[in-house]
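Note sheet for the following structure.
2 protein chains.
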Amino acid sequence: MVVDTELTDDEVDRIFRALADSTRRDIVRRTLVQETSVSTLAGAYDMSFAAVSKHVAVLERAGLVTKHASGRERLVRGNPESIRRAQRLLDAYEQIWRERISRLDALLESDSTTD
Amino acid sequence: MVVDTELTDDEVDRIFRALADSTRRDIVRRTLVQETSVSTLAGAYDMSFAAVSKHVAVLERAGLVTKHASGRERLVRGNPESIRRAQRLLDAYEQIWRERISRLDALLESDSTTD
DNA sequence: AGTATCTACAACCATTTGGTTATACGTTAC
DNA sequence: GTAACGTATAACCAAATGGTTGTAGATACT
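Quick mapping for you: the protein sequence lines, in order, are chains L and Z.
Sequence positions in the first sequence follow the working numbering and run 16 to 130.
Sequence positions in the second sequence follow the working numbering and run 16 to 130.
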């Protein structure tokens with residue numbers, strides 16, 4: 016029973032888009048280590064709270080972090096499963112390349128054995 | 016003698032940004048399988064040659080494809096090394112998470128052995 | 001030589017992005 | 001109750017993105 020892991024193009028777009036910003040990558044890093052409130056995160060960067068809050072929202076829409084309320088705070092937690100999903104996407108590209116190499120190898124093989 | 020594999024934030028931005036578009040991901044897929052001219056690629060999508068040419072340029076700036084001239088054509092080839100570079104980036108995030116888990120495990124261990 | 005093909009690039013346009021400040025609302029502390 | 005804190009969201013802005021058409025340069029074909 017394999018859990019469905021297929022992603023729509025839009026979901027993949029959101030994941031890579033979310034990772035294409037160094038502030039957001041840093042938020043992912045920090046919140047993988049330890050869950051952190053939005054305001055604590057905001058204190059770490061030279062930009063407004065609203066800007067950081069938006070970055071967190073982008074990550075949340077991509078599934079890279081989750082948020083849960085704790086009193087008035089919103090604790091942000093990195094989602095390792097979504098990182099693995101992104102890894103699998105890249106693995107698929109590597110696999111495509113490897114298959115090409117296999118085909119080229121097979122071709123050379125069959126050439127050398129042509130009678 | 017390890018080849019320097021460090022990437023600047025901007026380079027990482029470009030890699031993930033380039034992957035955040037399904038047309039570009041498809042170009043990477045196709046050109047990993049076989050090198051392909053820009054005009055052949057353009058024929059595969061419902062958009063102008065100029066638009067596809069721009070997508071290729073985005074991928075090239077990110078290092079995900081290389082281009083070389085062959086007569087009047089420009090052949091585009093997927094760059095497996097840059098894919099691996101991106102994989103390593105994601106691996107680093109997974110590693111961070113694993114380290115957290117290790118620390119939590121170690122903490123539980125030390126708790127249970129407190130005297 | 002002349003024409004068709006492949007490409008690059010400029011100019012333009014609408015939309016998205018990444019930032020800002022200001023406002024409003026729920027929660028905590030006093 | 002009121003002040004302070006944490007957050008979300010709206011309105012706004014400049015820059016980047018993803019598309020277009022048009023022009024022009026190389027290369028190939030006949």
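A virtual CB, placed ideally from N, CA and C, is assigned to each residue, including glycine.
Return helix, strand or coil for residue i, following the three-state DSSP convention.
{"i": "L:Ser-97", "result": "helix"}
{"i": "Z:Leu-79", "result": "coil"}
{"i": "L:Thr-23", "result": "coil"}
{"i": "Z:Ala-35", "result": "coil"}
{"i": "Z:Glu-109", "result": "helix"}
{"i": "Z:Glu-50", "result": "coil"}
State buried or exposed for residue i, treating a residue as buried only when at least 16 other CB atoms are found within 10 Å of its CB.
{"i": "Z:Thr-23", "result": "exposed"}
{"i": "L:Phe-64", "result": "exposed"}
{"i": "Z:His-70", "result": "buried"}
{"i": "L:Ala-107", "result": "exposed"}
{"i": "Z:Ser-85", "result": "exposed"}
Less than 8 angstroms between CB atoms is the rule here; does residue i satisfy it with respect to chain Z?
{"i": "L:Val-91", "result": "no"}
{"i": "L:Val-71", "result": "no"}
Measure the C-alpha to C-alpha separation of residue i and residue j and round it to an integer number of angstroms.
{"i": "Z:Ala-101", "j": "Z:Glu-26", "result": "10 angstroms"}
{"i": "L:Thr-81", "j": "L:Ser-54", "result": "15 angstroms"}
{"i": "L:Pro-95", "j": "Z:Tyr-60", "result": "34 angstroms"}
{"i": "L:Ala-77", "j": "Z:Arg-92", "result": "29 angstroms"}
{"i": "Z:Leu-47", "j": "L:Glu-109", "result": "9 angstroms"}
{"i": "L:Leu-122", "j": "L:Arg-115", "result": "10 angstroms"}
{"i": "Z:Leu-90", "j": "Z:Gln-49", "result": "10 angstroms"}
Using beta carbons (cut-off 8 angstroms, strictly below), is residue i in contact with chain L?
{"i": "Z:Ser-117", "result": "no"}
{"i": "Z:Phe-31", "result": "yes"}
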